[in-house]
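Only one structure is covered here, and it is reproduced in the block below.
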Amino acid sequence: MRFEVMTKQKIWDFFEYIVIFFFILDTNTVYSTALDVNFYIPEITIILLAVYLIMRFSKRRMKKTLVGRIAGVLSIYYFSMFFLFIMNVSEKTRFTFIARILMVFPMMILYFGDHIDRETLFDPIDKYINVMTVISVISLFFWTFGSQLHIISPTGSIRSGWGAQLRGISCPSYFGLYFERQGVTFLSYTGLRNQGIFAEGPMFSFCLVLAIAAELFLSTGNMRKDFLFSTGRGKGHMVNLKLFCLMTTLITTFTTTGQILLILMLVFRFFMRKSKVKFNNLIKLLIGGILVVVGAYAAISIFLLKFTSVSWLIRSDDLNAGFHAWLSSPILGKGFGDLSVVNSFRSETASQLTRGENGSSSSLMVVLSQGGILLLFIYIFPVYRAIQKALRGKNMGMLMIITIVMFEFVFTTSAYHFVTMFFFSFLYATGILCNMRKRESWIKDIV
238 MRFEVMTKQK IWDFFEYIVI FFFILDTNTV YSTALDVNFY IPEITIILLA VYLIMRFSKR
298 RMKKTLVGRI AGVLSIYYFS MFFLFIMNVS EKTRFTFIAR ILMVFPMMIL YFGDHIDRET
358 LFDPIDKYIN VMTVISVISL FFWTFGSQLH IISPTGSIRS GWGAQLRGIS CPSYFGLYFE
418 RQGVTFLSYT GLRNQGIFAE GPMFSFCLVL AIAAELFLST GNMRKDFLFS TGRGKGHMVN
478 LKLFCLMTTL ITTFTTTGQI LLILMLVFRF FMRKSKVKFN NLIKLLIGGI LVVVGAYAAI
538 SIFLLKFTSV SWLIRSDDLN AGFHAWLSSP ILGKGFGDLS VVNSFRSETA SQLTRGENGS
598 SSSLMVVLSQ GGILLLFIYI FPVYRAIQKA LRGKNMGMLM IITIVMFEFV FTTSAYHFVT
658 MFFFSFLYAT GILCNMRKRE SWIKDIV
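Numbering of the sequence shown is given in the working numbering, commencing with residue 238 and proceeding in unit increments.
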């Protein structure tokens, strides 16, 4: 009987890993931006997530109090989004709005609600970290022995349309597990950046930063870990290999935002370490001061390098144009997927430069300009509630997670991607769905 239960759980875990992997595949990977072949990533993801939820809810009944909270959240969610759908969504973008805003986002909230009911809220986060670790290890292997040492040669190619090359650019493929596309000059390095299975390095960096942040501040396994090390059973301290692989991979993406966030996360995590010995605290303070100075110098140097680049000109112009477009219709925006108003506010110089498919490098400005305050509400409300709970529980780790998620939301084009919805749904779970009156031991780390 026990073996049968364990087997069923492993099957559930495997299926859940597949669902989370497809969340990641949707985030501007070469497969989701392929031009010659349609891999139907969003469609398959919706089917997998729907099947998972149907199977879960058919096996057990959710607690009535949790059902009430979910019903309340989704009632407000659907009321506001249906109003936006009627007033501000064109026929051209209707399918995207229905699939991503009306279907996947609410289903992810239900998905985390199911985990709250089973007292396994952190499991999806741990699985996301594990999937990104596997992707990191594979990408590091091919980036080292393929892109750098040229011991391994590409085995094929896929034409991908994203960013400046919406008409398509051929990406050399290594067994479909790693792709080459972007060259980069970063500090003293000139060569190919590690972009893994993604269409560009920044999107790989986006997913890696979230995984590193979750491992440092949120992962249940890492609650007992001491920064980069974990205590083995009678084996002293062992290197946290997952974190090491994720950080190494992030460095090889050579993205400015990723490097700065990594420095900030490591410094912050260092100061979160607790010691009962005063002498150790003094040493930590001394080392921490040195780390702050070194980290600040590195971050400022990287930032100044970025500040003079073309990408910074694009980013600053996107923020300015998006803000002015939003002011022209602050409540409902100018239309889901409509870029015409944003483009009208661009500077003549920046409008001739390359940019992403959403016409912006900021999710915040995409949401505000296209859906106004009403669309932004479904993102900001859980953040506000999660901050309240984190402050009430003095949970600095959770506050850091919220900060990282919001930073990426402001400076990365990912508003409607499934990984973004995945983490905002987690904030719905921690900020709204969790019952503060019951301080269960499994949830004590987030409240």
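Backbone N, C-alpha and C define an ideal beta-carbon position, used for all residues, glycine too.
- Counting only the Cα atoms, ILE366 lies some 20 angstroms from ARG355.
- Partner residues in a beta bridge of ALA451, as assigned by DSSP, do not exist.
- The DSSP-derived three-state label of GLY305 is helix.
- DSSP places TYR653 in the coil class of the three-state scheme, outside both helix and strand.
- With a cut-off of 8 angstroms on Cβ pairs, the stretch 630–649 is not in contact with the stretch 314–328, counting fewer than three such pairs.
- For LEU576, there is no enclosing beta strand (DSSP E), as DSSP marks it with neither H nor E.
- Taking the Cα positions, LYS300 is about 45 angstroms away from PHE416.
- The Cβ-Cβ distance between ILE449 and MET484 falls below 9 angstroms.
- The residue from ARG506, ALA558, ILE406, LEU556 with its alpha-carbon nearest to that of ASP273 is ILE406.
- MET502 places its beta carbon 9 angstroms or farther from that of ALA558.
- Taken in chain order, the stretch 370–427 contains no complete alpha helix (DSSP H) segment of 4 residues or longer.
- When DSSP states are grouped into helix, strand and coil, LEU286 belongs to the helix group.
- Cβ atoms of ILE261 and LYS364 stay farther apart than 8 angstroms, at about 11 angstroms.
- Burial check for HIS387: the Cβ neighbour count within 10 Å stays below 16, so the residue is exposed.
- By the C-beta criterion, the stretch 267–283 is judged to be in contact with the stretch 333–350, since at least 3 inter-stretch pairs fall below 8 angstroms.
- Going by C-alpha positions, LEU358 is about 12 angstroms away from MET345.
- Inclusion of THR266 and PRO439 in the CB contact set at 9 angstroms is not warranted, their separation being larger than that value.
- If you draw a straight line from the Cα of ILE375 to the Cα of LEU455, it is about 24 angstroms long.
- LEU429 sits in a strand when the DSSP states are folded into three classes.
- In this structure, PHE655 sits away from THR333, with a CB-CB distance that is not shorter than 9 angstroms.
- Residue pairing by DSSP puts ALA271 in a beta bridge opposite SER397.
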